[in-house]
Amino acid sequence: MLRLLPSVNRVMEEPEVLALEQAGFKRSYVTELIQQAVSNARTSIQTGKKAPSDKTALLEDIKQELLDACSRHPFSLRRVINGTGTVLHTNLGRARLSPAAVRQMNEAAGFYSTLEYDLEHGKRGSRGSHVEELICKATGAEAAVAVNNNAAAVFFVLKALASPDDVLVSRGELVEIGGSFRVSSIMEMSGVQLKEVGTTNKTHLSDYLDSITENTSMIMKVHTSNFAIQGFTASVTPAVLKEAAGDRVIIYDDLGSGSLYDFHQHGIGEEPLIRTAVKNADIVSFSGDKLLGGPQAGVIAGKKKLIDQLRRHQLARVLRLDKATLAALEATLFEYCYGSPAENIPAVRDILATPEEIKARIISFLENSLFRSLKAEIVPVTSRIGGGTMPVTEIDSYALSVHLPGVEMNELDRMFRRADIPVVGRISQDQFLLDFRTVASEDYEPLAAALENLDAEK
Ligand SMILES: *Cc1c(COP(=O)(O)O)cnc(C)c1O
Numbered sequence: 004m005l006r007l008l009p010s011v012n013r014v015m016e017e018p019e020v021l022a023l024e025q026a027g028f029k030r031s032y033v034t035e036l037i038q039q040a041v042s043n044a045r046t047s048i049q050t051g052k053k054a055p056s057d058k059t060a061l062l063e064d065i066k067q068e069l070l071d072a073c074s075r076h077p078f079s080l081r082r083v084i085n086g087t088g089t090v091l092h093t094n095l096g097r098a099r100l101s102p103a104a105v106r107q108m109n110e111a112a113g114f115y116s117t118l119e120y121d122l123e124h125g126k127r128g129s130r131g132s133h134v135e136e137l138i139c140k141a142t143g144a145e146a147a148v149a150v151n152n153n154a155a156a157v158f159f160v161l162k163a164l165a166s167p168d169d170v171l172v173s174r175g176e177l178v179e180i181g182g183s184f185r186v187s188s189i190m191e192m193s194g195v196q197l198k199e200v201g202t203t204n205k206t207h208l209s210d211y212l213d214s215i216t217e218n219t220s221m222i223m224k225v226h227t228s229n230f231a232i233q234g235f236t237a238s239v240t241p242a243v244l245k246e247a248a249g250d251r252v253i254i255y256d257d258l259g260s261g262s263l264y265d266f267h268q269h270g271i272g273e274e275p276l277i278r279t280a281v282k283n284a285d286i287v288s289f290s291g292d293k294l295l296g297g298p299q300a301g302v303i304a305g306k307k308k309l310i311d312q313l314r315r316h317q318l319a320r321v322l323r324l325d326k327a328t329l330a331a332l333e334a335t336l337f338e339y340c341y342g343s344p345a346e347n348i349p350a351v352r353d354i355l356a357t358p359e360e361i362k363a364r365i366i367s368f369l370e371n372s373l374f375r376s377l378k379a380e381i382v383p384v385t386s387r388i389g390g391g392t393m394p395v396t397e398i399d400s401y402a403l404s405v406h407l408p409g410v411e412m413n414e415l416d417r418m419f420r421r422a423d424i425p426v427v428g429r430i431s432q433d434q435f436l437l438d439f440r441t442v443a444s445e446d447y448e449p450l451a452a453a454l455e456n457l458d459a460e461k
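So the number in my numbering is just where the residue sits in the sequence shown, counting from 1, plus 3.
Put into structure tokens, the structure is as follows:
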């Protein structure tokens with residue numbers, strides 16, 4: 004039976020396969036896909052899953068599998084259309100970058116750059132200099148460094164500034180943040196002695212003060228980003244801690260996200276302002292790709308003496324940022340310092356968009372669209388911020404509820420994910436929803452194509 008299997012070269016000779024090369028597919032890529040298809044056919048025959056009728060039929064099957072494989076996207080990390088309404092969707096890459104950030108990132112990636120070069124003096128420059136001043140200007144901090152992400156920032160601060168001493172943390176703040184990142188585990192790994200104070204729902208100033216010994220070098224506050232304790236609660240603000248113990252220990256505030264933009268002023272969420280947090284602590288850290296709306300990074304800002312200690316530490320080299328990320332971070336921070344983040348930083352703009360604006364987006368999207376069997380209806384929904392920020396905040400929005408007669412929700416969901424540019428929606432109360440809070444105007448064309456294809460399939 005296995006004798007009937009065609010050789011890779013035999014498959015290569017088929018006109019449709021030769022045409023693939025004309026269409027720009029690399030020969031080595033096609034060869035590998037053929038090898039895979041032949042091997043799959045062999046396994047199917049061996050395991051009895053497939054009874055080959057004849058040589059021609061087998062060749063046809065293999066060819067079809069190859070063509071199907073070629074029609075799929077060759078890359079694994081791909082653009083998708085986010086119809087979930089969750090602005091900082093961790094699984095979908097959190098923040099989309101501003102066009103300026105993308106431009107700077109492209110330049111830094113595709114050309115040589117001033118990454119560590121001082122143009123003025125024609126000698127070695129500093130990698131950190133591109134963002135430090137902007138971070139200081141935007142946050143009011145004396146000094147700053149940026150590392151790969153905020154998880155790295157937390158580890159770095161603890162390791163370099165507190166290990167092997169005691170660090171006090173409230174029991175109510177020992178959080179686990181998605182992807183099994185546990186504050187307690189990170190603390191242990193950094194070599195500090197974690198001293199829990201207070202209880203899950205209540206921690207008082209005296210709980211901290213009574214636990215300070217000569218071995219205590221830091222009090223860490225952790226923003227409980229992804230959950231909210233409500234009801235009978237008490238916690239101590241960094242400002243109060245600094246006032247009471249700031250001369251004896253370092254006050255470190257891990258903000259998680261924090262924000263440079265005052266969303267609260269628009270009635271959205273309770274996210275602490277980074278500028279305020281910097282005033283009330285010795286050192287703070289926050290993410291680059293949460294509410295900041297920039298690239299993945301962790302920003303550490305605060306007292307110059309502490310930041311200098313970080314800069315001199317070996318870990319600074321281990322955790323340093325890549326040039327493309329630095330370029331995007333610089334452009335994002337520049338927007339906060341000198342531009343209009345509410346208009347130009349996609350994450351900020353999308354969070355601020357009013358339900359009316361979103362409804363208008365859908366109406367404009369639907370203009371000129373005519374479906375045969377597909378039903379699309381505008382319905383009110385609520386969007387989430389995501390990225391572990393503002394856990395209890397829901398913002399009113401509108402979605403396109405899509406229905407295809409005779410097709411179940413899960414199947415419809417799968418069909419959308421198979422579109423040329425995959426569309427990720429949300430199923431709620433037996434409706435397939437595309438929340439336009441997270442659908443950009445650049446997404447309209449491919450999204451319309453996806454809807455038309457679905458309409459044509461039925
Ligand atoms: C999200 C978060 C982190 C981790 O930040 P990343 O940038 O995702 O690494 C750390 N601490 C808190 C409180 C967070 O919310």
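The beta carbon of each residue, even a glycine, is placed where N, CA and C say it ideally should be.
Residue i Cβ short of 7 Å to ligand 1 heavy atom set
i: V225; result: yes
i: K293; result: yes
i: A98; result: no
i: I398; result: no
i: G297; result: no
i: A154; result: yes
i: F374; result: no
i: S290; result: yes
i: G27; result: no
i: F184; result: yes
i: V281; result: no
i: G249; result: no
i: S116; result: no
i: D256; result: no
i: G175; result: no
i: V20; result: no
i: S260; result: yes
i: G428; result: no
i: V134; result: no
i: I180; result: yes
From the options, residue whose alpha carbon lies closest to that of residue i
i: I277; options: A141, E145, R82 and D169; result: A141
i: V225; options: L5, G272 and S288; result: S288
i: Q49; options: G390, P77 and R6; result: R6
i: V148; options: G131, K162, L454 and L164; result: G131
i: V427; options: V41, L403 and L69; result: L403
i: A144; options: K308, S101, S260 and N153; result: K308
i: K306; options: E445, Y255, E24 and K378; result: Y255
i: R241; options: E411, D257 and L407; result: Correcting the residue type first, residue 241 is Pro in the shown sequence and not Arg. Minimum Cα distance to P241 is reached at D257.
i: A304; options: G297, H316, Q317 and S290; result: S290
i: D292; options: A350, L450 and S209; result: A350
i: T328; options: F78, A103 and D71; result: A103
i: I232; options: V395, K362 and G391; result: V395
i: V11; options: G96, V33 and A26; result: V33
For residue i, the first and last residue of its enclosing beta strand (DSSP E)
i: Y255; result: I253 to G259
i: P383; result: K378 to G389
i: D438; result: Q434 to D438
i: M4; result: First-last for M4: undefined, no H or E at that position.
i: V172; result: D169 to S173
i: A147; result: A146 to V150
For residue i, the first and last residue of its enclosing alpha helix (DSSP H)
i: R106; result: P102 to G113
i: I232; result: Note, I232: premise wrong, no alpha helix (DSSP H); not H, not E.
i: M192; result: V186 to M192
i: P344; result: P344 to N347
i: L322; result: Taken as a continuous stretch (DSSP letters only), L322 belongs to no alpha helix (DSSP H), as it is neither H nor E.
i: H406; result: Run containing H406: none in the alpha helix (DSSP H); it sits in the beta strand (DSSP E), T392 to H406.
i: R315; result: K307 to R315
i: K66; result: K58 to S74
i: R429; result: Looking at the DSSP string, R429 is not in any alpha helix (DSSP H); the run it does join, the beta strand (DSSP E), is R429 to S431.
i: I424; result: Careful: I424 lies outside any alpha helix (DSSP H) and carries neither H nor E.
Residue i vs residue j beta-carbon contact at 8 Å
i: M221; j: V157; result: no
i: L61; j: P9; result: yes
i: A334; j: Q107; result: yes
i: E119; j: S129; result: yes
i: A284; j: K245; result: yes
i: I365; j: F439; result: yes
i: L69; j: V20; result: yes
i: L437; j: G86; result: yes
i: S400; j: P449; result: no
i: S166; j: V195; result: yes
i: A163; j: L318; result: yes
query = Would the stretch 55–64 and the stretch 412–422 be scored as touching if the rule is three or more Cβ pairs under 8 Å?
reply = Segments in contact, no.
key: Validate contact between the stretch 319–337 and the stretch 90–109 using beta carbons, cut 8 Å, 3 pairs   = Short answer: they touch.
ask   = Okay, do the stretch 177–186 and the stretch 206–218 touch, 3+ Cβ pairs below 8 Å being the bar?
value = Touching, no, given that fewer than three Cβ pairs across the two stretches are closer than 8 Å.
inquiry  = Three Cβ pairs or more, each shorter than 8 Å: is that satisfied between the stretch 32–44 and the stretch 375–387?
reply    = Counting Cβ pairs under 8 Å, fewer than three are found: no touch.
Segment contact, 8 Å Cβ cut-off, at least three pairs: the stretch 394–408 with the stretch 373–380 = With the rule of 3 Cβ pairs closer than 8 Å, the stretch 394–408 counts as touching the stretch 373–380.
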